[in-house]
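Undergrad: My structure is below; once you've seen it, I'll send some questions.
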Amino acid sequence: MTIDSATTAELIDIVRRAAKAEILPRFRNLDPESIQTKTSPEDLVTIADQRAEAFIQREVAERFPEATIVGEEATSADAAILEHIAEAEMAVIIDPIDGTWNFARNLTQFGVILAVASRGETVFGLLYDPVMDDWIMAHRGQGAFYIRPDGTERRVAVSAKESLEEMTGFTSLRLFPKDLQYRLAATFPDFSRMMSIGCACHEYRTLASGFGDFSLIGALMPWDHAAGVLVHQEAGGYSALLDGRPYKPTIHQGRLLLANSRETWEQLRERFTFMAE
Numbered sequence: 018m019t020i021d022s023a024t025t026a027e028l029i030d031i032v033r034r035a036a037k038a039e040i041l042p043r044f045r046n047l048d049p050e051s052i053q054t055k056t057s058p059e060d061l062v063t064i065a066d067q068r069a070e071a072f073i074q075r076e077v078a079e080r081f082p083e084a085t086i087v088g089e090e091a092t093s094a095d096a097a098i099l100e101h102i103a104e105a106e107m108a109v110i111i112d113p114i115d116g117t118w119n120f121a122r123n124l125t126q127f128g129v130i131l132a133v134a135s136r137g138e139t140v141f142g143l144l145y146d147p148v149m150d151d152w153i154m155a156h157r158g159q160g161a162f163y164i165r166p167d168g169t170e171r172r173v174a175v176s177a178k179e180s181l182e183e184m185t186g187f188t189s190l191r192l193f194p195k196d197l198q199y200r201l202a203a204t205f206p207d208f209s210r211m212m213s214i215g216c217a218c219h220e221y222r223t224l225a226s227g228f229g230d231f232s233l234i235g236a237l238m239p240w241d242h243a244a245g246v247l248v249h250q251e252a253g254g255y256s257a258l259l260d261g262r263p264y265k266p267t268i269h270q271g272r273l274l275l276a277n278s279r280e281t282w283e284q285l286r287e288r289f290t291f292m293a294e
């Protein structure tokens, strides 16, 4: 399926309204009882996550009753929801607040991610920043665009760097086993900068805008990566799992490597080959 301009506008409007109603009023305004943990003390969920997902789910279901909705918080309660992505004609995949750890600690690096997948292939991706009320989006085969709230837009493109020593990379050590964390950290001096924003939404926006060069990812939940991988590809980047498979939102295990070109990806894969062991 393809997502037409009217559908695109409605999805963006839903996300913007959810942010205004449920996220921004709670930013820097959370009491301790509004913050809970999920799988670990660092894996947080807030009332803003829950309310924003409920808002988006309700609005999407009303406007697109045929859609299958896959939300991060709903899937935390019922992992079987993930299985619907492969067969759904229209699966709307939602991360109501990406970067909850930042959000709960009053940092502005958080966002809302929404992707639409059809039969297991991402066809639309949205990376929305509630604080600035702007977004980067992509439709498959149509390029990636940065859009301001006044409607002005510009096409974005990945960086053109060729030397690994000059590159900025993103990775999160905590998403890898402890023994690999030490080996991965030992590669950091090989690059100009290695960092983690703690928010996939903003990391993908940075890569697609040409301000970062590559990313090594250790956890593949679709609400974190379905939209971002499409945006990155449409901005001219290359990505695949370290074993060579192309990424799909139906793949939830493995390690994902994104780079500004196929040539850079091959060089980086060689550098990180131990991560595939």
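So the sequence shown is numbered by this note's numbering: it starts at 18 and just counts up by one.
From the three backbone atoms N, C-alpha and C, an ideal C-beta is built for every residue, glycine too.
Remember, it's a predicted structure, so these values are computed and weren't measured experimentally.
DSSP three-state label for Met154, please.
TA: Here Met154 sits in strand by DSSP.
Undergrad: May I ask which residues mark the beginning and end of the alpha helix (DSSP H) holding Phe72?
TA: Counting along the chain, the alpha helix (DSSP H) containing Phe72 begins and ends at Ile64 to Arg80.
Undergrad: DSSP puts Ile111 in a beta bridge; with which residues?
TA: According to DSSP, Ile111 bridges with Gly88 and Leu131.
Undergrad: Between Val87 and the rest of its own chain, which residues show a CB-CB distance below 8 angstroms, the 5 nearest in sequence each way excluded?
TA: Hits under 8 angstroms: Ile98, Leu99, His101, Ile102, Ala108, Val109, Ile110, Ile111, Pro239 and Trp240.
Undergrad: For my contact list, Leu181 and Phe208 are in at a C-beta cut-off of 8 angstroms; report their separation, rounded to the angstrom.
TA: Leu181 to Phe208, Cβ: 6 angstroms. Contact.
Undergrad: Thinking C-alpha only, which one of Met149, Ile29, Glu76 and Arg68 is nearest Glu5?
TA: The requested residue 5 does not occur in the structure, where the chain is confined to residues 18 to 294.
Undergrad: Where does Val148 land, buried or exposed, given buried means 16+ other C-beta within 10 angstroms?
TA: Classification for Val148: exposed.
Undergrad: Of all the beta strand (DSSP E) runs that stay within the bounds of the stretch 228-286, which reach a length of 3 or more residues?
TA: List check, beta strand (DSSP E) in window: 231-234, 255-258 and 273-276.
Undergrad: Roughly how many angstroms lie between the CA atoms of Leu144 and Thr223, to the nearest whole one?
TA: Distance between the alpha carbons of Leu144 and Thr223 is about 11 angstroms.
Undergrad: Are at least three pairs of beta-carbons, each pair with one atom in the stretch 113-126 and one in the stretch 257-274, less than 8 angstroms apart?
TA: Cβ pair count under 8 angstroms is below three, so no.
Undergrad: Evaluate the contact criterion for the stretch 211-222 versus the stretch 183-203: three or more CB pairs, one atom per stretch, below 8 angstroms.
TA: Result yes; three or more Cβ-Cβ pairs closer than 8 angstroms.
Undergrad: What are the boundary residues of the alpha helix (DSSP H) that Thr24 is part of?
TA: Start and end: Ser22 to Ala35.
Undergrad: Roughly how many whole angstroms lie between the Cα atoms of Thr63 and Phe127?
TA: Cα-Cα distance, rounded: 13 angstroms.
Undergrad: Can you tell me where the beta strand (DSSP E) with Glu170 in it begins and where it stops?
TA: Taken as a continuous stretch (DSSP letters only), the beta strand (DSSP E) holding Glu170 covers Glu170 to Arg172.
Undergrad: So, Ile130 versus Asp151, is the Cβ gap smaller than 9 angstroms?
TA: No, Cβ-Cβ distance for Ile130 and Asp151 is not below 9 angstroms.
Undergrad: Leaving out five residues on either side along the sequence, give the residues of the same chain with a beta carbon under 8 angstroms from the beta carbon of Phe291.
TA: Closer than 8 angstroms at the Cβ level, and outside the excluded window around Phe291, lie Leu197 and Arg200.
Undergrad: Do Ser226 and Gly253 count as a contact pair if the criterion is CB distance below 9 angstroms?
TA: Their beta carbons are not under 9 angstroms apart, which means Gly253 does not touch Ser226 by this criterion.
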